[in-house]
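Only one structure is covered here, and it is reproduced in the block below.
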Amino acid sequence: MSTQQRPVTMLIAALGGEGGGVLTNWIMAAAADLGLPAQSTSIPGVAQRTGGTTYYIEIYPTPWRDLGTRRPVLALAPGIGDIDVLVSSEFMEAGRCIANGFCTPDRTLLISSTSRFFVINEKMAMGDGRFDEARLLDVAEKNAKARILFDMEVVAKEAGAMINAVMLGAIAGCGKLPIPVEAFEKAIRAEGKAAEANLRGFRAGLAAARSETTTLRRPVEAKRREKPRNDLASLEREIRETMPQQSQDVLIEGVRRLARFQDDNYARMLLDRVAPIRDLEAQLHGDGKLLRETARHLAVRMSFEDLIRVAQAKIDPARMQRIEQELNAKDGEPYTVTEFLKPGIEEMCQVLPPALARRIIAFSEKRGWLDSVHVGMYVKTTSVTGYLRFWILAKLRPLRRFMHRYVEEQAQIESWLGMIMQAARFSPALGLEVAECARLIKGYGSTHKRGTQNFQTIETRLIRPALQGQIPVQDAIDGIASARTAALLDPEGNSLAKCLDEFDARLSFRIAAE
Numbered sequence: 301m302s303t304q305q306r307p308v309t310m311l312i313a314a315l316g317g318e319g320g321g322v323l324t325n326w327i328m329a330a331a332a333d334l335g336l337p338a339q340s341t342s343i344p345g346v347a348q349r350t351g352g353t354t355y356y357i358e359i360y361p362t363p364w365r366d367l368g369t370r371r372p373v374l375a376l377a378p379g380i381g382d383i384d385v386l387v388s389s390e391f392m393e394a395g396r397c398i399a400n401g402f403c404t405p406d407r408t409l410l411i412s413s414t415s416r417f418f419v420i421n422e423k424m425a426m427g428d429g430r431f432d433e434a435r436l437l438d439v440a441e442k443n444a445k446a447r448i449l450f451d452m453e454v455v456a457k458e459a460g461a462m463i464n465a466v467m468l469g470a471i472a473g474c475g476k477l478p479i480p481v482e483a484f485e486k487a488i489r490a491e492g493k494a495a496e497a498n499l500r501g502f503r504a505g506l507a508a509a510r511s512e513t514t515t516l517r518r519p520v521e522a523k524r525r526e527k528p529r530n531d532l533a534s535l536e537r538e539i540r541e542t543m544p545q546q547s548q549d550v551l552i553e554g555v556r557r558l559a560r561f562q563d564d565n566y567a568r569m570l571l572d573r574v575a576p577i578r579d580l581e582a583q584l585h586g587d588g589k590l591l592r593e594t595a596r597h598l599a600v601r602m603s604f605e606d607l608i609r610v611a612q613a614k615i616d617p618a619r620m621q622r623i624e625q626e627l628n629a630k631d632g633e634p635y636t637v638t639e640f641l642k643p644g645i646e647e648m649c650q651v652l653p654p655a656l657a658r659r660i661i662a663f664s665e666k667r668g669w670l671d672s673v674h675v676g677m678y679v680k681t682t683s684v685t686g687y688l689r690f691w692i693l694a695k696l697r698p699l700r701r702f703m704h705r706y707v708e709e710q711a712q713i714e715s716w717l718g719m720i721m722q723a724a725r726f727s728p729a730l731g732l733e734v735a736e737c738a739r740l741i742k743g744y745g746s747t748h749k750r751g752t753q754n755f756q757t758i759e760t761r762l763i764r765p766a767l768q769g770q771i772p773v774q775d776a777i778d779g780i781a782s783a784r785t786a787a788l789l790d791p792e793g794n795s796l797a798k799c800l801d802e803f804d805a806r807l808s809f810r811i812a813a814e
């Protein structure tokens, strides 16, 4: 085929839960409505920042009716140096695609959000581990023929829409696809789910793409600013000065709890994590309940029960004093406290480096040892040797950030917070229900494992489909609340499974009736 007759190639890079599949369906529906030959494929990744999710689309610009007997040959996968339009929902994802050779200065139009969702290595760094966004901008300028760069996350928040709708608007505004704006709007309406919100996001993205002010601010000065003090008194003063009054008591107690759990720097993370929720709720004119409840659950989740925390609790002087009072022991009267422990393989791997722990857990899971192998121990905390065993374990607290359990918990917390932000943009009530699901994750050992499994079930069956527009908002609010209640009443998961099946049946019946 000649150069004028070649398909238009597009590669879309998105994060898990952002509706990249829905975006692809909109584009394919618009092309099909115009009678254009088109084909799409997807490469699913892992949710959030542990893997890329990409979608590849080819659209031939001549309708089927004008091709006669000719049939275009469309590729199933993107080729290096063969992309006309590269679309990314996050700036580091754009950099990943550029590094893989999918963006070239002689051909590719780069459409990307300048917003960032930090990768695991950035979050784990002891200091400021953020990747320099100015370097990303330089790479984008050198490796793309043209660029449309703006903060799609901010535009989506202001429009009250998901970021995929804003991305579609930017695609429509770039003028590279043989599809008019009206065809995209028709595809959104035909899809039906959250159509009005998606149209708002689409039009906002369209306007931003056509604006001449879509540039990235180089954050050079931001890194030179003096970092805020992280001592407990400064954190509490910052809470009183910057946080809504109805949330201050929860946040103050939260930073105190986390400072005891780890240190003052870890307590600072609580404020950094709730700040975006505070700002979003202010934009939505909320009543402050979302921030308060999220902060409360976040403080509990961040102070998770691991071996170090258990050891701290076992030798806490206040606990020993309470035991003496319960025994009515006289001054100097001897007594013995025997702790019974039965850790499994997963519990013992909590304090190991993540790479080593994952290998041991995977090896044990293949052989069916995870639920069957436990080590029973009787430890006398009133003896010198027993006390020292717990004391040494408690002293590992400074190394907690490098341990398997810590890394796993932080990744799960970030995923949960991301879902709250996405849900709140649909409805503050939906965001609150997602936040309340943290009540399921508690305890230690098998209790924590069952709660996490129930949370993940609700996430898969209700939360993620709702964020992708597959479940109406009010139905999702009611369904999540009911499922959470069922899971709390029956931790084994039987009531939860029954509740979810009933929800699916009711929703299917109502959709069929409509």
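With the numbering used here, the residue at position 333 of the sequence shown is 633, and numbering never jumps.
C-beta: ideal position from N, C-alpha, C; glycine also.
Note that this is a predicted model, so its numbers are computed, not measured.
What residue range does the alpha helix (DSSP H) around residue i cover?
i	result
residue 496	495-510
residue 553	545-561
residue 432	Element bounds for residue 432: n/a, residue is neither H nor E.
residue 654	654-666
residue 487	481-491
residue 333	320-333
residue 453	452-459
Which of the three DSSP states is assigned to residue i in this structure?
i	result
residue 680	strand
residue 447	strand
residue 338	strand
residue 644	strand
residue 409	strand
residue 542	helix
residue 373	coil
residue 801	helix
residue 464	helix
residue 806	helix
residue 315	coil
residue 415	coil
residue 403	coil
residue 469	helix
residue 633	coil
residue 380	coil
residue 626	helix
residue 368	coil
residue 305	helix
residue 438	helix
residue 521	With a pLDDT of only 38 at residue 521, under 50, the local geometry of the prediction cannot be trusted, and no value is derived from it.
residue 395	helix
residue 532	helix
Considering only DSSP beta bridges, list what residue i is partnered with.
i	result
residue 310	357 and 385
residue 639	679
residue 343	354
How would you write the range of the beta strand (DSSP E) that residue i sits in, first residue to last?
i	result
residue 672	No beta strand (DSSP E) contains residue 672, which DSSP labels as neither H nor E.
So, does the CB of residue i fall closer than 9 Å to a CB anywhere in chain C?
i	result
residue 390	Among the protein chains of the structure shown there is no chain C, as only one such chain exists.
| Residue ranges of each alpha helix (DSSP H) run of no fewer than 4 residues wholly in the region 564-624, ordered along the chain? | If we require 4 residues or more, the alpha helix (DSSP H) runs fully inside the region 564-624 come out as 564-583, 589-602 and 607-614.
| task | Inspect the CB distances between the region 726-739 and the region 596-607 and report whether three or more fall short of 8 Å. | result | yes
| message | Restricting to runs no shorter than 4 residues, where is the alpha helix (DSSP H) found entirely within the region 681-768? | response | 684-694, 704-726, 728-736, 746-758 and 764-767
| Is it true that the region 720-732 meets the region 577-592, where meeting means three or more beta-carbon pairs spaced less than 8 Å apart? | yes
| task | Taking 8 Å as the threshold, find out whether the region 477-492 comes into contact with the region 369-380 through three or more Cβ pairs. | result | Contact fails: fewer than three Cβ-Cβ distances are below 8 Å.
| Contact the region 497-506 vs the region 464-477: 3+ CB pairs below 8 Å | yes
| query | Is the region 740-757 close to the region 791-803, with three or more CB pairs under 8 Å? | reply | yes
| task | Scan the region 769-799 and note each continuous beta strand (DSSP E) run of 3 residues or more that stays entirely inside, going in chain order. | result | none
| message | Taking 8 Å as the cut-off, does the region 672-682 touch the region 630-647 (at least 3 CB pairs, one atom from each stretch)? | response | By the Cβ test, the region 630-647 is in contact with the region 672-682, since at least three Cβ pairs between them sit closer than 8 Å.
| Touching or not, the region 648-667 and the region 695-705, by the rule of three or more beta carbon pairs under 8 Å? | yes
| query | For the region 542-560 against the region 688-699, are there 3 or more C-beta pairs whose distance is under 8 Å? | reply | no
| At least 3 beta-carbon pairs within less than 8 Å: the region 564-575 vs the region 605-614 | no
| Would you say the region 620-628 touches the region 763-781, given that touching needs at least three Cβ pairs under 8 Å? | no
| Hey, is the region 433-443 in contact with the region 314-332, meaning 3+ C-beta pairs nearer than 8 Å? | no
| At least 3 beta-carbon pairs within less than 8 Å: the region 769-779 vs the region 665-676 | By the Cβ rule, the region 769-779 does not count as touching the region 665-676, because fewer than three pairs are nearer than 8 Å.
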